[in-house]
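To keep things clear, I will list the structure first and then write my remarks on it.
Residue numbers (the numbering used here): 14 to 305.
Next comes the structure, spelled out in structure tokens:
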């Protein structure tokens, strides 16, 4: 009898410890308002879970978006996102870094909706000094509309790496020595849900079916892992310092295992690479040979 009571009490203690830890993790999540601000479509944004989650929505009248309060000069930026379900052709869900302006730098994740039952595209792009046109598209190996997945951008003095659930899918190396511009202007982190039916799905042939509106995308994870450069230019000596963990040697290049994983993902799931688009680029851009 005493043994049974002991087991019961032990299970009770472990349950209480688990509950306390779960609550602590919940309290540790960062509130949206700490690091971000709504920028447009205010009546199309809903804060959930005590500000730990944000829902963007879009209907015929408007989309919506938010951005970081700070500008950054380097960092490792992640967001957990769940995309609009069902028929989302023409709908673009975005998560990106940008300096804005005519000669802007930008690093993009754009999720291009599709007809129900057809795969959503993950499009990545890199702009430097206003020059983009570096699209690479992937089909996700999961359904991004049924649960949250983590999308990440590493940006440091050595490379830009795009991650999906901690898996690297693309690298853009800093090869300024070879005459290739590299994003170096202070950038903000931006998220948005907007109407891209003129280009996003089948080159603009598939238009938005407004019968499925409002379209909704959820965002989680509002932590701040970036070097702040608010009100000043990007000081490479500061934001490139190894006192920031994302600038340490570990993150200067992919490990051998990461490189292998990335090559496997690209072989199986990449559907478009600007470097291979000969009608568009008869001579591949010079950075292509560095970023395989």
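By construction, the Cβ of each residue, glycine as well, lies at the ideal position given by its N, Cα and C atoms.
Because the structure is a prediction, the values reported are computed rather than measured.
I'd like the list of long-range same chain contacts for residue i, defined as Cβ closer than 6 Å, with 5 residues on each side in sequence excluded.
{"i": "residue 83", "result": "241, 243"}
{"i": "residue 205", "result": "78, 107"}
{"i": "residue 271", "result": "181"}
{"i": "residue 93", "result": "161, 163, 233, 234"}
{"i": "residue 102", "result": "126, 127, 128, 214, 219"}
{"i": "residue 176", "result": "165"}
{"i": "residue 23", "result": "Annotation note: pLDDT 38 at residue 23 (below 50); position unreliable, no value reported."}
Roughly how many whole angstroms lie between the Cα atoms of residue i and residue j?
{"i": "residue 86", "j": "residue 224", "result": "42 Å"}
{"i": "residue 60", "j": "residue 135", "result": "25 Å"}
{"i": "residue 145", "j": "residue 216", "result": "18 Å"}
{"i": "residue 300", "j": "residue 63", "result": "44 Å"}
{"i": "residue 153", "j": "residue 283", "result": "9 Å"}
{"i": "residue 238", "j": "residue 174", "result": "15 Å"}
{"i": "residue 273", "j": "residue 281", "result": "13 Å"}
{"i": "residue 74", "j": "residue 250", "result": "45 Å"}
{"i": "residue 47", "j": "residue 294", "result": "44 Å"}
{"i": "residue 263", "j": "residue 185", "result": "16 Å"}
{"i": "residue 266", "j": "residue 222", "result": "43 Å"}
{"i": "residue 149", "j": "residue 286", "result": "5 Å"}
{"i": "residue 58", "j": "residue 68", "result": "6 Å"}
Is residue j closer than 9 Å to residue i when the C-beta atoms are compared?
{"i": "residue 141", "j": "residue 195", "result": "yes"}
{"i": "residue 137", "j": "residue 151", "result": "yes"}
{"i": "residue 260", "j": "residue 170", "result": "yes"}
{"i": "residue 126", "j": "residue 100", "result": "yes"}
{"i": "residue 105", "j": "residue 258", "result": "no"}
Near residue i, which residues of its chain fall below 7 Å by C-beta distance, leaving aside the five closest residues on each side in sequence?
{"i": "residue 227", "result": "70, 71, 72"}
{"i": "residue 252", "result": "86, 87, 240, 242"}
First and last residue of the alpha helix (DSSP H) that includes residue i?
{"i": "residue 277", "result": "269-282"}
{"i": "residue 48", "result": "45-48"}
Could you pull out every residue in the same chain whose Cβ sits closer than 8 Å to the Cβ of residue i, ignoring the five residues on either side in sequence?
{"i": "residue 188", "result": "195, 300, 303"}
{"i": "residue 44", "result": "63, 64, 65, 235"}
Please report the residue range of the beta strand (DSSP E) in which residue i lies.
{"i": "residue 181", "result": "180-186"}
{"i": "residue 241", "result": "239-241"}
{"i": "residue 207", "result": "201-208"}
{"i": "residue 226", "result": "Where residue 226 is concerned, there is no enclosing beta strand (DSSP E), given that its DSSP letter is neither H nor E."}
So does residue i have its beta carbon nearer than 8 Å to some heavy atom of the ligand SAH?
{"i": "residue 207", "result": "Ligands are entirely absent from the displayed structure, and the ligand SAH is therefore not among its contents."}
Run through the region 52-98 for me and flag every whole beta strand (DSSP E) of 3 or more residues, listed as ranges in chain order.
58-61, 66-71, 77-81, 85-95
Any chance you could list the alpha helix (DSSP H) runs of at least 4 consecutive residues sitting entirely within the region 101-178, in chain order?
none
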